[in-house]
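Structure, as C-alpha coordinates:
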Amino acid sequence: MPLDPQLLEILACPQDKGPLVYFADENALYNPRLKQRYRIDDGIAVMLADEAETVGDDEHARLSAKAAAENLSPSFAP
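Note that the numbering used here gives residue 65 to position 65 of the sequence shown, counting from 1, and the numbers run on in steps of one.
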(Lines of atoms letter the chains of each structure in order from A and count residues from 1; the text may use other names and numbers.)
(Lines give C-alpha, C1' and ligand atoms only; values in the text may rest on other atoms or scores of the structure.)
Protein backbone atom coordinates (compact mmCIF):
# COMPACT_ATOMS: atom_id res chain seq x y z
CA MET A 1 0.00 0.00 0.00
CA PRO A 2 1.63 3.28 -1.09
CA LEU A 3 1.96 6.22 1.26
CA ASP A 4 -0.37 9.16 0.83
CA PRO A 5 1.40 11.94 -1.14
CA GLN A 6 0.22 14.55 1.38
CA LEU A 7 1.80 12.53 4.19
CA LEU A 8 5.08 12.39 2.28
CA GLU A 9 5.15 16.18 2.16
CA ILE A 10 5.38 16.38 5.95
CA LEU A 11 7.32 13.25 6.90
CA ALA A 12 10.77 14.00 8.25
CA CYS A 13 13.55 11.93 9.72
CA PRO A 14 13.04 11.73 13.49
CA GLN A 15 16.77 12.08 14.03
CA ASP A 16 17.87 15.05 11.92
CA LYS A 17 14.40 16.40 10.95
CA GLY A 18 15.43 16.38 7.28
CA PRO A 19 13.65 15.04 4.19
CA LEU A 20 13.46 11.39 3.23
CA VAL A 21 13.46 9.53 -0.08
CA TYR A 22 10.48 7.22 -0.59
CA PHE A 23 11.07 3.84 -2.24
CA ALA A 24 7.53 2.57 -2.78
CA ASP A 25 8.66 -0.74 -4.30
CA GLU A 26 10.84 -1.46 -1.26
CA ASN A 27 8.35 -0.21 1.35
CA ALA A 28 10.98 2.11 2.77
CA LEU A 29 11.87 5.70 3.48
CA TYR A 30 15.56 6.55 3.36
CA ASN A 31 17.68 9.28 4.89
CA PRO A 32 20.86 9.43 2.78
CA ARG A 33 22.53 11.90 5.15
CA LEU A 34 22.52 9.44 8.06
CA LYS A 35 22.33 6.25 5.95
CA GLN A 36 19.16 5.28 7.83
CA ARG A 37 16.25 3.31 6.32
CA TYR A 38 12.76 3.31 7.85
CA ARG A 39 10.39 0.49 6.96
CA ILE A 40 6.76 0.85 5.99
CA ASP A 41 4.41 -1.81 7.42
CA ASP A 42 0.94 -2.11 5.91
CA GLY A 43 1.07 1.46 4.64
CA ILE A 44 2.29 2.87 7.96
CA ALA A 45 5.75 4.42 8.15
CA VAL A 46 7.62 3.21 11.24
CA MET A 47 9.34 6.47 12.12
CA LEU A 48 11.02 5.47 15.36
CA ALA A 49 14.75 6.17 15.60
CA ASP A 50 15.27 2.89 17.44
CA GLU A 51 13.61 0.98 14.57
CA ALA A 52 15.73 2.55 11.81
CA GLU A 53 18.16 0.34 9.94
CA THR A 54 21.64 1.69 9.32
CA VAL A 55 22.81 0.68 5.86
CA GLY A 56 26.37 0.06 4.75
CA ASP A 57 28.27 1.90 2.05
CA ASP A 58 27.27 -0.54 -0.72
CA GLU A 59 23.57 -0.30 0.12
CA HIS A 60 23.82 3.48 0.42
CA ALA A 61 25.39 3.60 -3.05
CA ARG A 62 22.65 1.34 -4.44
CA LEU A 63 19.85 3.43 -2.94
CA SER A 64 21.44 6.70 -4.05
CA ALA A 65 21.89 5.39 -7.60
CA LYS A 66 18.33 4.07 -7.66
CA ALA A 67 16.94 7.41 -6.46
CA ALA A 68 18.89 9.22 -9.18
CA ALA A 69 17.92 6.74 -11.90
CA GLU A 70 14.23 6.86 -10.96
CA ASN A 71 14.31 10.64 -10.42
CA LEU A 72 13.06 10.26 -6.84
CA SER A 73 13.14 13.47 -4.89
CA PRO A 74 13.18 14.02 -1.13
CA SER A 75 9.87 14.19 0.70
CA PHE A 76 10.17 17.99 1.04
CA ALA A 77 12.65 20.76 0.35
CA PRO A 78 14.54 21.84 3.46
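Glycine included, C-beta positions come from ideal geometry on N, C-alpha and C.
Nothing here was measured: the structure is a model prediction, and the numbers come from that model.
The three-state secondary structure of E51, taken from DSSP, is helix. Q36 carries a strand assignment under DSSP once its states are collapsed to helix, strand and coil. If you ignore the 5 residues before and after T54, its C-beta comes within less than 7 Å of the C-beta of K35 and Q36, all in its own chain and listed in chain order. In the displayed model, D16 falls within coil according to three-state DSSP, outside both helix and strand. Taking a 10 Å sphere around the C-beta of V21, we find 16 or more other C-beta atoms and assign the residue as buried.
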